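Laid out in structure tokens, this is it:
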């Protein structure tokens, strides 16, 4: 199967600063791929290069099989993006925003109404965007990004600033798009979100990829395996399963019949990230 | 690569969206209001109408002299009406159908030439008008000419160079109304090009809608669409301003050429400015400072300014645009060296769009 995104030794320098420093990875068709990292780690620069809005200093990359430098015009019709900022035309209605981009992409105007229904904004279609709530704007951004039925969809912090309900709805939409075969390239600060949505994640730190795997494997390999033990005397103890002293302690409590409950806990992506990048997101 | 579909879509979007943006709307409306104000403050250049009836020989040299004098003087609009006799002429004056009438006896031309002194009757209302004075003086001049009388003295006119622009008399020739309305048109070109257009471009960047546009289009297509919107606003606003002030360029081709090239040059400057600022509010705040050197020279063209300033102004696009447009409006060469004006304007166009292309190539890399 062809990879939707193929990146080899990609670099972007701004003067002396290496915003992206030789990253390589690939994203399979239909995969949800997460790129996680601190602010300034190089996530947005990577997306800018992959969407043809910045030229790499070194390295190569293809999106949907097209070279990001020499075939930018062929990439444009098959990708789209949900940006971190609600960059909509606020003096236009929701429908006018979608109709504009439908025209730009050469899609039929009826696509605007289909998408408004998909994201649940039909009732607000004629209202000016400046009257929309943050959640509505975010849904409209997603609708705009789907106007050309992209093969690869880039989503930069799509749930930032959303209330829990709107965020959950958006995550459900991402899952649905993925099920329909759209490749999704996601950046997020929310580790639970990445854990829930992504087939694989890459941790980016200072422009370099420090880990890349499925969330489960990353947690198993890098995460701290723990167990919370509740004893007869109602005291609770957190034990590291990898620590022989803690393991011996648990074994002794079990022999003495002191244990009421044991809850095992695998490491979180957050733990993995802290272990690899040195600080939390 | 430039795709007309993308440009046409962005053009339609910007034309509508621009009018919804209050700062853009202000830049369009302010000069129009100012032009209407000037048009009201400075009344129509004084050309009075003289309706004149006459009886007697229809093709008399006296009548021809009067017609020639009215045509060359540009201060009277003469309407002549030949009638059968003095009574009919008197009736027309009484009924106010004509302002004044005169009666030429038969063989009047020959009589004057022969040195006789025929009587020419002047019929005027009780309250004489400027038309009466014009007819009376015309009759005197015509009679003298026919009699081959030399004028009592010869008046010799000498022009003395007083420094400053050689085109100082232009406001006098055009009249203050036309002059100030034209200067306001140039001001409007400046405001559309250097305020409305950069506000629209900067707003795309500030609100990051440009990021969304660049996913489907190119920066060049965005720039071209903004330039076209600027030209469309200029076309519509100039037409509206001319209609409201009832000014009609005598040489439409020259007027349109001057307006078009000047707008193109100023839009180039505006697009460059648009890339320098981070927010539309910054553009708006700095606009008065930026517009001053652009609009100021347009108002100074044709006014007495020191030589050094005159030379500086001649290097600026608005000054040269104003010259071409003034020639177009008047339908005669009020300003000489019009080729220099075109050369300066085209130089500005080449320089501005060259800089834009250079900045575009840097942005693409």
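Protein chains in written order, with this note's numbering: chain W, 393 to 673; chain R, -2 to 362. Heads up, the beta-carbon is just placed ideally off N, CA and C, and yes, glycines get one too. Nothing here was measured: the structure is a model prediction, and the numbers come from that model.
- Taking 8 Å as the cut-off, the beta carbon of residue 178 of chain R is found no closer than this to the beta carbon of residue 323 of chain R.
- 204, 205, 206, 208, 209, 211, 212, 213, 214: these are the residues of the segment 196 to 215 of chain R whose beta carbon lies less than 7 Å from some beta carbon of chain W, given in chain order.
- Burial state of residue 413 of chain W is buried, judged by a 10 Å Cβ sphere holding 16 or more other Cβ atoms.
- Contacts between residue 37 of chain R and chain W, judged by CB atoms closer than 8 Å, are missing: the closest CB pair is about 34 Å apart.
- By the beta-carbon neighbour count (other beta carbons within 10 angstroms, threshold 16), residue 601 of chain W is buried.
- The beta carbon of residue 223 of chain R sits no closer than 8 Å to any beta carbon of chain W.
- Excluding residues up to 5 positions away in sequence, 60, 77, 78, 79, 80, 86, 98, 99, 100, 101 lie with their Cβ nearer than 8 Å to the Cβ of residue 51 of chain R in the same chain.
- The alpha-carbon of residue 184 of chain R is positioned some 7 Å away from that of residue 28 of chain R.
- In this structure, DSSP gives residue 427 of chain W an extended state, which the three-state scheme calls strand.
- For residue 483 of chain W, the nearest beta carbon of chain R is closer than 8 Å to its own beta carbon.
- Rounded to the nearest whole angstrom, the C-alpha separation of residue 125 of chain R and residue 244 of chain R is 32 Å.
- Cβ neighbours of residue 265 of chain R within its own chain (closer than 7 Å, five residues either side excluded): 346, 349, 350, 353.
- With the rule of 3 Cβ pairs closer than 8 Å, the segment 134 to 153 of chain R does not count as touching the segment 286 to 294 of chain R.
- Annotation for residue 139 of chain R: 59, 62 place their beta carbon closer than 6 Å to its own, counting only its chain and skipping 5 residues before and after.
- In terms of CA proximity to residue 425 of chain W, W/586 leads the group W/407, W/402, W/586.
- The three-state reading of DSSP puts residue 519 of chain W in coil, since its state is none of H, G, I, E or B.
- Interface criterion met: the Cβ of residue 10 of chain R is under 8 Å from a Cβ in chain W.
- In chain order, 469, 472, 497, 499 place their CB closer than 7 Å to the CB of residue 540 of chain W, counting only its own chain and leaving out the 5 sequence neighbours on each side.
- Every alpha helix (DSSP H) stretch that sits fully inside the segment 41 to 83 of chain R and reaches 4 residues is listed by chain position as 58 to 70.
- Residue state for residue 218 of chain R is assigned as helix, using DSSP reduced to three classes.
- Per DSSP, the continuous beta strand (DSSP E) segment holding residue 597 of chain W begins and ends at 592 to 597.
- Contact annotation: the segment 250 to 270 of chain R touches the segment 214 to 227 of chain R, with at least three C-beta pairs closer than 8 Å.
- Sequence-ordered contacts of the segment 236 to 258 of chain R with chain W are nonexistent [C-beta pairs closer than 8 Å].
- In this structure, the alpha-carbon of residue 564 of chain W lies about 10 Å from that of residue 570 of chain W.
- Taking the Cα positions, residue 340 of chain R is about 34 Å away from residue 214 of chain R.
- Under the three-pair Cβ rule at 8 Å, the segment 639 to 654 of chain W does not count as touching the segment 584 to 598 of chain W.
- Contact between residue 122 of chain R and residue 39 of chain R is absent: CB atoms are separated by about 30 Å, not below the 8 Å threshold.
- A contact between stretches requires three or more CB pairs, one per stretch, nearer than 8 Å, and the segment 405 to 421 of chain W meets this requirement with the segment 590 to 604 of chain W.
- Beyond the five residues adjoining it in sequence on each side, residue 357 of chain R comes within less than 8 Å, by CB distance, of 216, 217, 220 in the same chain, given in chain order.
- Rounded to the nearest angstrom, the gap between the Cα atoms of residue 202 of chain R and residue 501 of chain W is 26 Å.
- At the C-beta level, residue 598 of chain W and residue 433 of chain W come within 8 Å of one another.
- Leaving aside the five residues that flank residue 8 of chain R on each side, the residues in its chain whose CB is nearer than 8 Å to its CB run, in chain order, 222, 225, 226, 229.
- Closer than 8 Å to the CB of residue 445 of chain W there is at least one CB belonging to chain R.
- From the beta-carbon of residue 17 of chain R, the residues of chain W found nearer than 7 Å are 483.
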